[in-house]
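> Numbering (full-length UniProt numbering), first residue to last: 1 to 164. Quick one: the structure is below, questions incoming.
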């Protein structure tokens with residue numbers, strides 16, 4: 001049975017700017033720099049950020065659990081600002097999950113803010129149900145919080161210079 005968990009995070013930046021970060025490979029460059037305690041590195045194995053792009057994601061040391069996985073961008077909808085990536089090797093697939101997909105949707109709230117709706121869709125082998133607690137949207141929420149912090153800092157920096 002396929003299950004889904006989701007969460008929403010508000011970002012204080014226009015949806016178009018946030019999508020520019022999430023929609024292609026920019027987020028793969030952003031995460032290891034801004035969240036080194038979560039992700040050590042993300043390598044592009046093939047592709048240019050569009051559908052079919054394959055990444056190798058290596059977790060930060062000491063987190064426990066899997067050390068890395070490969071994910072493939074299976075859907076990128078620029079018009080509706082939706083990106084879906086699927087774990088295709090390693091990671092939770094080695095722990096009894098038969099499906100593990102990440103979905104991010106950027107929803108315009110106002111000219112200066114948006115919602116990042118993050119969800120994880122997963123399926124688990126019956127004999128691996130003890131690993132169900134590993135399925136979590138929390139890492140996507142942490143990424144959205146880092147993105148919000150980034151935009152707040154870059155948006156407000158020019159104002160700080162003006163006040164000096």
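Beta carbons are placed, not taken as given, at the ideal position from N, Cα and C, and that holds for glycine. No experiment lies behind these values; they were computed from the predicted model shown.
1. State buried or exposed for residue 16, treating a residue as buried only when at least 16 other CB atoms are found within 10 Å of its CB.
2. With a threshold of 16 other CB atoms inside 10 Å of the CB of residue 148, please say whether the residue is buried or exposed.
3. Can you tell me where the beta strand (DSSP E) holding residue 76 begins and where it ends?
4. Since residue 54 contacts residue 47 with CB under 8 Å, what's their CB separation in whole angstroms?
5. Could you tell me if residue 87 is buried or exposed, where buried requires 16 or more neighbouring beta carbons within 10 angstroms of its beta carbon?
6. Rounded to the nearest angstrom, how far is the Cβ of residue 118 from that of residue 134, given a contact under 8 Å?
7. Whole angstroms is fine: what's the gap from residue 106's alpha carbon to residue 128's?
So, from the listed chains and residues:
1. Here residue 16 refers to the residue found at position 16 of the chain shown. Burial call: exposed.
2. Taking the chain shown and counting its residues from 1, the one referred to as residue 148 is at position 148. With 16 or more other Cβ atoms within 10 Å, it is buried.
3. Taking the first residue of the chain shown as 1, we reach residue 76 at position 76. It spans 68-77 - the beta strand (DSSP E) in which residue 76 sits, taken as one unbroken run.
4. Within the chain shown, residue 54 is the residue found at index 54, counting from 1. Within the chain shown, residue 47 is the residue found at index 47, counting from 1. The beta carbons of residue 54 and residue 47 sit about 6 Å from each other, so the pair counts as a contact at 8 Å.
5. Locating residue 87 in the chain shown gives position 87, counting from the first residue. That one is buried.
6. The sequence position of residue 118 within the chain shown is 118, counting from 1. The sequence position of residue 134 within the chain shown is 134, counting from 1. Residue 134 and residue 118 do not touch by the CB rule: their CB atoms are close to 16 Å apart, not below 8 Å.
7. Looking up residue 106 in the chain shown gives position 106. Looking up residue 128 in the chain shown gives position 128. Computed Cα separation, rounded: 33 Å.
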